[in-house]
Amino acid sequence: MTSETKAPFYTPGGFREVLAISVPLILSTSSTSLMFVVDRIFLSWYSKDALAASLPAGATAWAFLCMFIGATGYVSTFVSQYDGAGRQDRIGAAIWQGFYFSAIASVFCALTYFLAEPIFNLADHPKAIRENEILCFRVIVLGAGGFIFSAALSAFYSGRGKTWTVMWVNIAGALINGVLDYLMIFGYGGFPEWGLFGAALASVIAPYVMTLIYIVLLVLPENRQRFQTLSSWRFDRDLFLRLIRFGLPSGLQFTMDVTAFTTFILLVGRLGELELAASNIAFAINHLLFMPMLGLAMGTSVLVGRYLGAEQPDHAAKSTWTSIWITTTYMTLFSLALIIWPDEFILIFDPGNWEGNFAEVIQMTRILLYFVAAYSVLDGWNIVFSSALKGAGDTRFVFLTALTAAAITLIAPVYLACIVYGRGVYTAWFFLFVWLLFLATVYFLRFLAGKWRSMRVIEHAPAPGAVVEEGPLVEV
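For reference, each letter of the sequence shown is one residue, going 17 to 492 in my numbering.
Written out as structure tokens, the structure is:
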């Protein structure tokens with residue numbers, strides 16, 4: 017069957033290929049999402065203060081980590097373009113530069129330990145919550161290396177479309193985290209009853225285990241021979257600087273999105289304990305149901321990178337539009353579920369010990385979930401189009417867009433409306449909708465403009481025979 021006679025489902029960039037590479041990543045990100053939601057559920061059973069502190073502390077720590085995780089994770093774009101161009105001999109070198117960057121980044125993250133008190137004193141949350149926030153933040157940033165190294169090393173598999181391996185490693189990490197959560201939060205299995213400290217500690221142990229698994233896989237004989245995963249250990253100045261040039265804006269874009277979200281949470285926390293708890297639950301539900309689309313976006317970025325490496329921009333574009341169809345369908349169903357059955361999602365977080373005020377939390381969270389339903393499709397478009405642009409190398413534009421959006425459509429309006437003029441939590445969530453609408457619109461227009469089609473992050477033209485006409489670039 018030739019490419020001209022194949023049904024659209026089977027052609028390069030079609031549904032079969034996108035799903036083949038994305039489904040394992042969807043399962044992978046879903047397992048990661050489940051890991052965080054399990055944290056929230058266990059903490060909601062443990063105490064109200066622990067739950068209220070967990071999201072601001074985790075989001076603030078993530079705001080520091082994500083720049084480096086986004087930059088090291090961008091190694092996957094180098095791997096995908098080298099693989100599409102038939103330059104497998106350069107893949108090992110790309111992984112090593114990501115490893116070196118991860119080592120430096122881990123030190124910088126650890127140094128943010130000393131910023132915990134100033135940050136959370138500025139947020140001015142109640143004392144009991146603030147103490148938990150400081151403790152949780154410090155544990156996460158001291159253990160940041162596991163997150164950063166695993167992001168860099170997983171690129172060896174995700175960038176080549178070997179996403180089942182990434183899935184199994186992430187599932188292993190989620191299982192380890194879940195077991196340790198239960199033991200360390202509640203004090204079972206010989207562990208002390210550590211509460212939020214135990215949840216934070218479990219969350220940093222699991223990524224280190226994942227990093228060790230990736231190291232073992234990288235040094236397997238087949239990988240050493242074909243991809244030079246050991247012999248390419250030397251520092252490559254040109255490649256390292258290109259990783260900084262393209263990867264750092266990608267990480268900064270990630271940082272701006274997370275910083276905007278974190279600032280939003282901190283501002284909502286100043287509106288009251290009830291508003292913060294309801295927002296925490298709404299975001300936990302949003303996180304659980306949205307994370308699969310992050311896997312789809314990762315798959316889109318890999319396919320765009322590989323097809324551009326093989327000089328097939330039309331297939332890269334088709335991969336993106338296929339992903340848009342998938343995310344629109346999924347997010348629409350997701351939104352309908354939140355509108356029809358909001359309480360079924362909320363009651364998962366009912367601990368039975370909130371001294372009678374959980375009914376107020378339910379009522380407020382129900383309305384917040386309607387906001388989530390309203391912006392879900394926009395959020396899906398935002399993540400898919402921005403990932404496609406980053407897969408090509410258009411990271412600077414994506415970062416500048418994220419910076420502009422955070423400043424003018426979310427942080428400033430929420431501060432003015434809610435803190436200065438005293439408007440409530442629903443006004444804050446309205447501006448969250450505006451923020452996502454702005455991002456989705458700008459990324460959509462940039463993709464349509466087509467400048468990304470001529471962008472590359474690798475230094476060489478495709479090797480002879482790299483172009484694939486008769487089938488997809490990934491195993492299906």
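Glycine residues also receive a C-beta, built at the ideal position from the N, C-alpha and C atoms. Note that this is a predicted model, so its numbers are computed, not measured.
Are residue i and residue j close, meaning C-beta to C-beta below 8 Å?
{"i": "I297", "j": "I362", "result": "yes"}
{"i": "A87", "j": "S266", "result": "yes"}
{"i": "A375", "j": "S317", "result": "no"}
{"i": "F163", "j": "I85", "result": "yes"}
{"i": "L246", "j": "F172", "result": "no"}
{"i": "A69", "j": "C152", "result": "yes"}
{"i": "K493", "j": "T93", "result": "As shown, the chain starts at 17 and ends at 492. That puts residue 493 outside it, with no answer to give."}
{"i": "A433", "j": "T443", "result": "yes"}
{"i": "D410", "j": "W337", "result": "no"}
{"i": "F415", "j": "L255", "result": "no"}
{"i": "I187", "j": "S47", "result": "yes"}
{"i": "T128", "j": "V95", "result": "no"}
{"i": "L59", "j": "I281", "result": "no"}
{"i": "F62", "j": "F262", "result": "According to the sequence displayed, residue 62 carries Tyr and not Phe. Against a cut-off of 8 Å, the Cβ pair of F262 and Y62 comes out as no contact."}
{"i": "F387", "j": "W445", "result": "yes"}
{"i": "I364", "j": "T179", "result": "no"}
{"i": "L310", "j": "I399", "result": "yes"}
Can you say whether residue i is buried or exposed, counting buried as having 16 or more other CB atoms within 10 angstroms of its CB?
{"i": "E475", "result": "exposed"}
{"i": "V473", "result": "buried"}
{"i": "W357", "result": "exposed"}
{"i": "V34", "result": "buried"}
{"i": "G214", "result": "buried"}
{"i": "F117", "result": "buried"}
{"i": "R10", "result": "Any question about residue 10 goes unanswered here, given that the chain covers just 17 to 492."}
{"i": "A501", "result": "No statement about residue 501 is possible, as the shown extent of the chain runs from 17 to 492 and does not include it."}
{"i": "A276", "result": "buried"}
{"i": "R250", "result": "exposed"}
{"i": "Q97", "result": "buried"}
{"i": "G205", "result": "exposed"}
{"i": "N148", "result": "buried"}
{"i": "P308", "result": "buried"}
{"i": "G30", "result": "buried"}
{"i": "L43", "result": "buried"}
{"i": "L464", "result": "exposed"}
{"i": "P237", "result": "exposed"}
{"i": "I201", "result": "buried"}
{"i": "T18", "result": "The predicted model places T18 with a pLDDT of 41, which falls under 50 and marks its position as unreliable; any figure quoted below should be read in that light. Per the 10 Å Cβ criterion, exposed."}
{"i": "G466", "result": "exposed"}
{"i": "I120", "result": "exposed"}
Only counting the same chain, and skipping five residues up and downstream in sequence, which positions put a Cβ closer than 6 Å to that of residue i?
{"i": "M51", "result": "A190, N193"}
{"i": "M314", "result": "L41"}
{"i": "V185", "result": "M226, I229"}
{"i": "F270", "result": "C82, G86"}
{"i": "F447", "result": "L426, P429, V430"}
{"i": "M272", "result": "A418, L419, A422"}
{"i": "R240", "result": "L246"}
{"i": "V377", "result": "A293, A294"}
{"i": "L199", "result": "G205, F207"}
{"i": "M380", "result": "A294"}
{"i": "H141", "result": "G285"}
{"i": "P223", "result": "G162, F163, S166"}
Pull up the CB-CB distance for residue i and residue j, whole angstroms please, since I reckon it's below 8 Å.
{"i": "I145", "j": "E133", "result": "About 14 Å separates the two Cβ atoms, so there is no contact after all."}
{"i": "S166", "j": "D55", "result": "The pair is not a contact, with the Cβ atoms about 18 Å apart (cut-off 8 Å)."}
{"i": "L394", "j": "L352", "result": "Their Cβ separation, rounded to whole angstroms, is 16 Å, which puts L394 and L352 out of contact at 8 Å."}
{"i": "L354", "j": "L385", "result": "5 Å"}
{"i": "G440", "j": "L287", "result": "7 Å"}
{"i": "H303", "j": "V39", "result": "Wrong, their Cβ atoms sit about 20 Å apart, outside the cutoff."}
{"i": "L283", "j": "Y431", "result": "6 Å"}
{"i": "D105", "j": "R176", "result": "Contact flag wrong, Cβ pair sits at about 13 Å."}
{"i": "W78", "j": "V274", "result": "5 Å"}
Tell me which same chain residues have a C-beta within less than 8 Å of the C-beta of residue i, skipping the five on either side of it?
{"i": "W397", "result": "I340, T343, T344, A456, Y459, F460"}
{"i": "I135", "result": "T76, F153"}
{"i": "V484", "result": "Reliability fails at V484, whose pLDDT of 43 lies under 50, so the model's placement of it is uncertain and no value is given."}
{"i": "F115", "result": "F165, A168, L169"}
{"i": "I221", "result": "G159, G162, I192, N193, L196"}
{"i": "A390", "result": "S351, F449"}
{"i": "D252", "result": "A109, W112, Q113"}
So, at 7 Å on beta carbons, what are the nonlocal neighbours of residue i in its own chain, with the 5 sequence-adjacent residues on each side left out?
{"i": "V155", "result": "F213, A216, L217, V220"}
{"i": "R258", "result": "V473"}
{"i": "V320", "result": "A332, S335, T336, A404, G407, A408"}
{"i": "D65", "result": "A144, I145, N148"}
{"i": "R242", "result": "Q104"}
{"i": "A435", "result": "The identity of residue 435 in the sequence shown is Ile, whereas the question assumes Ala. Correct list, in chain order: L283, R286."}
{"i": "F80", "result": "C125, T128, V157"}
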